[in-house]
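Just so you know, the sequences run in chain order Z and A.
Residues 0 to 332 in numbering that gives the first Met the number 0 are what the first sequence spells out, letter by letter.
Residues 0 to 493 in numbering that gives the first Met the number 0 are what the second sequence spells out, letter by letter.
Idealized CB from N, CA, C, for every residue including glycine.
Notes follow the structure.
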Amino acid sequence: MLKKLFRQNETYLFLLIILLSILIGTRNPLFFTFENIAGFLKSYSMIGIMSVGTLFVLILGGTDVSFTAIAQVVEYAVVVLVMKFGGNIFIAFLEAAIIGTALGLLNGLIIYRFKVPIIIVTIATFNIYFGMLYVITKGKLINNIPQIFKDFGNILLFPQTSAIGGTYGLSLMPLIWLAALILGWFILKKTMMGRSIFAVGGNEIAAERIGINTFATKLFVFGFVGFLAGIAGVVHVAIVQSVVPNIIVGKELEVIAAVVIGGASIFGGRGTIFGTFLGVLLFAMLNNGLTLLRISSYWYSVTIGAIIIIAIIASAYQRLQRAKANIKVQIQD
Amino acid sequence: MQELLKLSGIYKSFEGVRALKGVNITINKGEIHGLVGENGSGKSTLIKIISGFIQPDSGKIFFDGKEVSRLAAGETTSWGVQVIYQDLSLFPNLTVAENIAYNEMLEKRTAFTDWKEIERIARNAMAKIKIDIDLHRLTEELPIGTQQLVAICRALTSDIRLLILDEPTASLTKKDINNLLSVMKDLQSKGIAILFVSHKLNEIFDVAENITILRDGMSVGTFPSKSLTNDSLVELMTGKALNQTRMARQTNSSKVILEVRHFSKKNNFKDISFSLKAGEILGIIGLIGSGRTELACAIYGIAPPDSGELFIHGRPVKIRNVRDAVKEGIAYVPENRLVEGLIQKQSVMDNLNAAIIKSLSHGGYVPYQRRLDHASQWIDRLNIKVAHPLVAVQTLSGGNQQKVVLGKCLSTKPSVLILDSPTVGIDIMAKASIHEMIRNLAAQGIAVILISDEIPEITHNCDRILLMHAGKIRAELDASTIQASDLERMMAQY
Chain Z
0 MLKKLFRQNE TYLFLLIILL SILIGTRNPL FFTFENIAGF LKSYSMIGIM
50 SVGTLFVLIL GGTDVSFTAI AQVVEYAVVV LVMKFGGNIF IAFLEAAIIG
100 TALGLLNGLI IYRFKVPIII VTIATFNIYF GMLYVITKGK LINNIPQIFK
150 DFGNILLFPQ TSAIGGTYGL SLMPLIWLAA LILGWFILKK TMMGRSIFAV
200 GGNEIAAERI GINTFATKLF VFGFVGFLAG IAGVVHVAIV QSVVPNIIVG
250 KELEVIAAVV IGGASIFGGR GTIFGTFLGV LLFAMLNNGL TLLRISSYWY
300 SVTIGAIIII AIIASAYQRL QRAKANIKVQ IQD
Chain A
0 MQELLKLSGI YKSFEGVRAL KGVNITINKG EIHGLVGENG SGKSTLIKII
50 SGFIQPDSGK IFFDGKEVSR LAAGETTSWG VQVIYQDLSL FPNLTVAENI
100 AYNEMLEKRT AFTDWKEIER IARNAMAKIK IDIDLHRLTE ELPIGTQQLV
150 AICRALTSDI RLLILDEPTA SLTKKDINNL LSVMKDLQSK GIAILFVSHK
200 LNEIFDVAEN ITILRDGMSV GTFPSKSLTN DSLVELMTGK ALNQTRMARQ
250 TNSSKVILEV RHFSKKNNFK DISFSLKAGE ILGIIGLIGS GRTELACAIY
300 GIAPPDSGEL FIHGRPVKIR NVRDAVKEGI AYVPENRLVE GLIQKQSVMD
350 NLNAAIIKSL SHGGYVPYQR RLDHASQWID RLNIKVAHPL VAVQTLSGGN
400 QQKVVLGKCL STKPSVLILD SPTVGIDIMA KASIHEMIRN LAAQGIAVIL
450 ISDEIPEITH NCDRILLMHA GKIRAELDAS TIQASDLERM MAQY
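See the structure below:
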């Protein structure tokens with residue numbers, strides 16, 4: 000049992016997170032306050048939601064980079080739709096889910112039909128989705144977003160009054176992140192669709208031979224990525240309460256990095272929801288911790304890069320140990 | 000005997016090339032049926048037709064006495080036909096339980112997974128062949144022989160009536176092969192028919208009652224295995240009588256080229272000493288896990304030994320890496336030429352030139368004509384069958400690919416050539432021509448180390464034989480006096 004625990008990536012990540020929180024918390028006690036934790040969880044909700052989709056694509060055996068463009072398009076489109084036709088927050092989420100899923104499915108169709116690497120197709124559709132957004136909107140900002148987004152973003156659970164008179168509490172956004180994690184876990188672990196994603200990621204030819212519908216599997220994964228990106232787009236506008244048409248794009252590498260640090264293999268077939276959660280949590284804490292320790296935020300990227308390198312070295316070292324343990328010849332005298 | 004599956008007059012073309020030209024085969028209920036033929040004889044195409052992956056252009060198919068218009072992929076499974084491909088088609092990242100139960104779970108068409116049911120299915124399947132593998136291990140962590148059993152268990156989850164095994168023993172150790180053959184007989188006793196495809200004729204003779212022979216897309220016929228001998232089977236497969244007798248060779252040279260003294264490496268081999276003369280073919284025979292490949296890697300500098308000395312032309316040399324070995328005139332053809340020896344997607348020309356590209360260049364620039372000339376010269380010398388030097392290596396047959404690897408090595412003008420299992424997975428005629436080539440090289444004065452676990456390959460080609468087992472040399476034998484049967488008996492001791 001213990002041996003298994005030490006073979007798992009999540010264990011080390013978990014220890015690293017504990018270590019880091021002690022380090023930050025002893026230097027600045029503000030770190031452990033409810034206000035602070037609720038704050039950084041909220042600001043990483045969007046990345047957290049998108050990370051679940053990225054995990055699915057990595058397990059399938061590829062890397063999607065277009066989901067930030069989808070989130071960006073959805074964010075803009077839903078805000079415009081609500082401005083034109085009205086509606087409540089549920090309608091807004093429904094619209095986001097439909098547009099996001101549709102754009103994701105388009106990715107899936109192209110990838111399956113033309114058998115092109117996922118990263119190439121999604122680089123192309125990233126540019127098309129994001130480019131079309133600029134062509135149509137001419138890059139115009141929307142500062143005065145409909146009230147429903149503001150109201151939704153301002154809902155606080157367990158509201159408290161801070162020392163300086165403001166209120167704080169737990170936003171709904173981290174709960175949507177949590178819901179995405181649970182949904183992702185359920186699909187991967189408890190449904191045949193989830194298992195077929197692992198199967199295709201592990202050995203696609205075998206999956207086809209055994210009768211798994213690889214087309215449906217791929218469509219599902221990319222539809223799901225689009226769906227989550229759509230939800231993430233609405234979550235983002237509810238948090239920042241304005242629409243800047245190029246603010247989500249550019250986050251894709253951070254999301255992918257978080258999922259890879261969480262133990263997902265870039266070669267497909269491997270990855271867990273818990274690891275993905277820890278990966279995003281690590282990034283959120285790092286970003287927050289650097290601010291609390293008054294270290295320039297530029298160090299954030301440097302630190303992330305360093306952690307990725309360390310993670311790669313650690314897993315290479317583990318592989319080497321395993322290879323060494325695998326004795327090829329039992330010498331007999 | 001009742002007929003289970005009968006195919007008659009099967010024709011199939013791919014893009015105008017006839018792969019099958021009138022094939023007949025009848026598999027009886029509960030028999031083990033051998034299917035043999037050289038590479039390209041149409042075995043794979045026939046299996047794909049039986050498994051329903053491709054449709055024949057014409058011909059009749061009867062299953063259980065009833066004529067069926069066509070075999071479709073899902074349909075044959077529902078009749079109880081299962082194929083285990085050479086690559087096993089397992090999911091390395093999933094557990095043993097899930098790999099075994101996947102078919103069955105898929106057939107239930109449920110949306111949700113039932114982990115208890117998965118384990119139950121896996122346990123039942125393992126009970127059928129009386130094996131016990133940890134259900135929660137990842138398949139990739141298992142040795143290849145165990146993975147083979149997992150693949151068989153997966154086939155046993157459904158009501159199976161015909162199991163097709165495509166080259167199941169190609170990468171197994173002797174022990175695993177014996178284990179597999181007894182599992183096959185066990186399944187047969189349960190009334191399951193098995194179509195067994197193998198290059199290793201002795202295995203076919205061991206278990207099959209009837210043998211169907213394919214040659215050039217046509218069936219030569221089906222024979223009771225008792226009516227055939229090894230030689231007559233080979234003749235039916237190749238259409239030629241093959242002279243498999245020992246080649247009388249003369250090595251008069253007394254010039255020792257390579258000498259290994261007390262080579263040891265932890266978990267690889269221990270206290271290995273031998274010498275090698277110019278023009279000599281030294282056979283190293285041993286199974287997977289005997290340390291034979293590890294020893295070759297040590298001499299060639301891939302994984303240098305912990306201790307020991309190496310002499311070349313009587314001069315002590317230190318080989319720390321492959322470059323050192325090449326400089327000393329050692330060449331090595333690895334066991335897995337597909338992975339280690341060739342760049343599959345590149346041309347025959349580039350592969351042939353890869354080892355000596357520096358010497359072809361003028362200050363960094365390599366003129367096309369020189370590359371072409373050098374490659375063409377080796378294609379001629381080794382009689383490599385290729386339409387043009389620019390054709391990608393992956394399109395060549397196994398035997399021709401092996402010749403490309405050899406050409407690449409020989410172009411460095413080595414004085415020592417180490418060949419690790421050079422004819423694995425190669426058909427009989429190509430094998431014979433590679434053996435001839437090896438003997439010619441030795442006749443030109445190259446010292447050859449031939450590593451193999453095939454007894455005839457060793458006894459027919461070598462001058463001297465080292466028997467390796469569990470990391471040590473157990474015997475040194477004179478090939479001119481030893482009989483294949485004696486060598487077999489000696490190996491069986493370990």
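1. Rounded to whole angstroms, what is the Cα-Cα separation between residue 161/Z and residue 167/Z?
2. Might you give, ordered along the chain, the residues of its own chain that have their beta carbon closer than 8 Å to the beta carbon of residue 138/Z, omitting 5 neighbours on each side?
3. In terms of residues, what are the limits of the beta strand (DSSP E) holding residue 18/A?
4. Report the residues of the stretch 263-285 of chain A with a CB closer than 7 Å to any CB of chain Z, ordered along the chain.
5. Going along the chain, which residues of the stretch 196-212 of chain Z sit with their C-beta nearer than 8 Å to a C-beta in chain A?
6. Sort out for me which residues DSSP pairs residue 476/A with in a bridge.
7. Could you confirm whether any beta carbon from chain A is found closer than 7 Å to the beta carbon of residue 294/Z?
8. Compute the Euclidean distance between the alpha carbons of residue 499/A and residue 13/A, then round it to the nearest angstrom.
9. Please go through the stretch 128-188 of chain Z and give each complete alpha helix (DSSP H) segment of 4 or more residues, from N-terminal end onward.
10. Within 10 angstroms of its Cβ, does residue 30/Z collect 16 or more other Cβ (buried), or is it exposed?
11. Applying the criterion that 16 or more other CB atoms from any shown protein chain within 10 Å of the CB defines a buried residue, is residue 16/A buried or exposed?
12. Between the stretch 300-315 of chain A and the stretch 354-371 of chain A, are three or more C-beta pairs nearer than 8 Å?
13. Got a sec: is the Cβ-Cβ distance from residue 259/Z to anything in chain A below 7 Å?
14. Can you tell me whether residue 55/A is buried or exposed, with buried defined as 16 or more other CB within 10 angstroms of its CB?
15. Cα-Cα, which of 21/A, 454/A, 67/A and 427/A is closest to residue 285/A?
16. Classify residue 463/A: buried if its beta carbon has 16 or more other beta carbons within 10 angstroms, exposed otherwise.
17. If you drop the 5 nearest sequence neighbours on each side, which residues of the same chain put their C-beta closer than 8 Å to that of residue 240/Z?
18. Measure the Cβ-Cβ separation of residue 459/A and residue 194/A and say whether it is below 7 Å.
19. According to the Cβ coordinates, are residue 50/Z and residue 233/Z closer than 7 Å?
20. Give the straight-line distance between the Cα atoms of residue 269/A and residue 467/A, rounded to the nearest whole angstrom.
21. Output the residue ranges of the beta strand (DSSP E) runs that lie fully inside the stretch 320-377 of chain A and measure 3 residues or longer, sorted by chain position.
22. Take residue 324/A and list the residues in its own chain whose beta-carbon comes closer than 6 Å to its own, dropping the five residues that flank it on each side.
23. Of the choices 177/Z, 141/Z, 225/Z and 260/Z, whose alpha-carbon is the least far from that of residue 236/Z?
24. What is the C-beta distance between residue 16/Z and residue 281/Z, in whole angstroms, given that I count them as a contact (C-beta under 8 Å)?
25. How about residue 129/Z and residue 206/Z: are their beta carbons less than 7 Å apart?
26. Quick one: what's got a C-beta closer than 7 Å to residue 421/A's C-beta in the same chain, skipping five residues either side?
27. Just to confirm before moving on: does the CB-CB distance between residue 102/Z and residue 225/Z stay below 7 Å?
28. Within its chain, find whatever has a CB closer than 8 Å to the CB of residue 183/A; leave out the 5 residues flanking it on each side and keep chain order.
29. May I ask you to report which of helix, strand or coil DSSP gives residue 146/A?
30. Nearest-angstrom Cα distance between residue 185/A and residue 157/A?
31. According to DSSP, is residue 276/Z helix, strand or coil?
32. Please identify, using Cβ separations under 7 Å, the residues of the stretch 260-282 of chain Z that lie next to chain A, in order along the chain.
33. Give the range of the beta strand (DSSP E) segment to which residue 261/A is assigned.
34. Say the cut is 6 Å; is the CB of residue 30/A nearer than that to a heavy atom of the ligand COA?
35. Determine the chain Z residues that contact residue 469/A at a beta-carbon separation under 8 Å, and present them in chain order.
36. Need the endpoints of the beta strand (DSSP E) that residue 194/A sits in, please.
Quick look at the numbers:
1. The count along the first sequence starts at 1 and reaches residue 161/Z at position 162. The count along the first sequence starts at 1 and reaches residue 167/Z at position 168. When rounded, the distance between both Cα atoms is 7 Å.
2. Walking along the first sequence from the start, residue 138/Z turns up at place 139. These residues qualify, in order along the chain: 244 and 245.
3. Mapped onto the second sequence, residue 18/A falls at position 19. Start and end: 16-27.
4. 266, 267, 268 and 269
5. Only 197, 198, 200, 201, 202, 204, 205, 206, 208, 209, 210 and 211 from the stretch 196-212 of chain Z bring a Cβ to less than 8 Å from some Cβ of chain A.
6. Here residue 476/A refers to the residue found at position 477 when the second sequence is read from its first residue. The secondary-structure analysis by DSSP pairs residue 476/A across a beta bridge with 464/A.
7. Within the first sequence, numbered from 1, the residue matching residue 294/Z stands at position 295. Not one chain A Cβ lies under 7 Å of residue 294/Z.
8. This structure does not reach residue 499/A, given that chain A is present from 0 up to 493, and the question cannot be answered.
9. 146-153
10. The residue labelled residue 30/Z in the question sits at position 31 within the first sequence. Its Cβ being crowded by 16 or more others within 10 Å, residue 30/Z is buried.
11. Residue mapping note: residue 16/A aligns to position 17 of the second sequence, counting from 1. Taking all protein chains shown into account, residue 16/A has fewer than 16 neighbouring C-beta atoms within 10 Å of its C-beta and is therefore exposed.
12. The count of Cβ pairs closer than 8 Å, one atom from the stretch 300-315 of chain A and one from the stretch 354-371 of chain A, stays below three, leaving the stretches out of contact.
13. Stepping through the first sequence from its first residue, residue 259/Z is reached at position 260. No - not a single Cβ of chain A is within 7 Å of the one on residue 259/Z.
14. In the second sequence, residue 55/A corresponds to position 56, counting from 1. It counts as buried.
15. In the second sequence, the residue the question calls residue 285/A occupies position 286. Selected option, being the one with the closest Cα: 454/A.
16. The residue given as residue 463/A occupies position 464 in the second sequence. Within a 10 Å sphere around the beta-carbon of residue 463/A sit 16 or more other beta-carbons, which makes this residue buried.
17. Residue numbering aside, residue 240/Z sits at position 241 when the first sequence is read from its first letter. Only 144, 148, 149 and 152 meet the Cβ criterion.
18. For this step, residue 459/A is matched to residue 460 along the second sequence. For this step, residue 194/A is matched to residue 195 along the second sequence. Contact: no.
19. On the first sequence, position 51 is the one that residue 50/Z refers to. On the first sequence, position 234 is the one that residue 233/Z refers to. Taking 7 Å as the Cβ cut-off, residue 50/Z and residue 233/Z do not qualify as a contacting pair.
20. The residue labelled residue 269/A in the question sits at position 270 within the second sequence. The residue labelled residue 467/A in the question sits at position 468 within the second sequence. Computed Cα separation, rounded: 11 Å.
21. Runs of the beta strand (DSSP E) spanning 3 or more residues and lying entirely within the stretch 320-377 of chain A occur at 329-332, in chain order.
22. Numbered from its first residue, the second sequence carries residue 324/A at position 325. Cβ neighbours of residue 324/A beyond the five flanking positions: 299, 300 and 318.
23. The residue labelled residue 236/Z in the question sits at position 237 within the first sequence. Of the candidates 177/Z, 141/Z, 225/Z and 260/Z, the one whose C-alpha sits nearest the C-alpha of residue 236/Z is 141/Z.
24. On the first sequence, position 17 is the one that residue 16/Z refers to. On the first sequence, position 282 is the one that residue 281/Z refers to. Here residue 16/Z really is in contact with residue 281/Z; their C-beta atoms are around 6 Å apart, less than 8 Å.
25. Here residue 129/Z refers to the residue found at position 130 of the first sequence. Here residue 206/Z refers to the residue found at position 207 of the first sequence. Here residue 129/Z is not near residue 206/Z, since their CB atoms are 7 Å or more apart.
26. Sequence index remark: in the second sequence, residue 421/A carries index 422 (1-based). For residue 421/A, where only same-chain residues beyond five positions count, the Cβ hits under 7 Å are 332, 401 and 433.
27. By 1-based counting over the first sequence, the position of residue 102/Z is 103. By 1-based counting over the first sequence, the position of residue 225/Z is 226. Yes, Cβ-Cβ distance for residue 102/Z and residue 225/Z is below 7 Å.
28. On the second sequence, residue 183/A is found 184 positions in, with the first residue counted as 1. The beta carbon of residue 183/A is closer than 8 Å to those of 31, 164, 193, 195 and 206 in its chain, skipping five residues each way along the sequence.
29. Here residue 146/A refers to the residue found at position 147 when the second sequence is read from its first residue. Three-state DSSP puts residue 146/A in a helix.
30. Against the second sequence, residue 185/A aligns to sequence position 186. Against the second sequence, residue 157/A aligns to sequence position 158. Computed Cα separation, rounded: 17 Å.
31. Residue 276/Z sits at position 277 when you count from the first residue of the first sequence. Three-state result, residue 276/Z: helix.
32. 268 and 269
33. Along the second sequence, one-based indexing puts residue 261/A at 262. Counted as a single uninterrupted DSSP element, the beta strand (DSSP E) harbouring residue 261/A occupies residues 255-264.
34. Inclusion of the ligand COA in the displayed structure is not the case, the ligand content being empty and no account of it being possible.
35. Residue numbering aside, residue 469/A sits at position 470 when the second sequence is read from its first letter. What residue 469/A touches in chain Z: 328, 329, 330 and 331.
36. As a first step, residue 194/A is located in the second sequence; it is residue number 195 there, counting from the start. Taken as a continuous stretch (DSSP letters only), the beta strand (DSSP E) holding residue 194/A covers 192-196.
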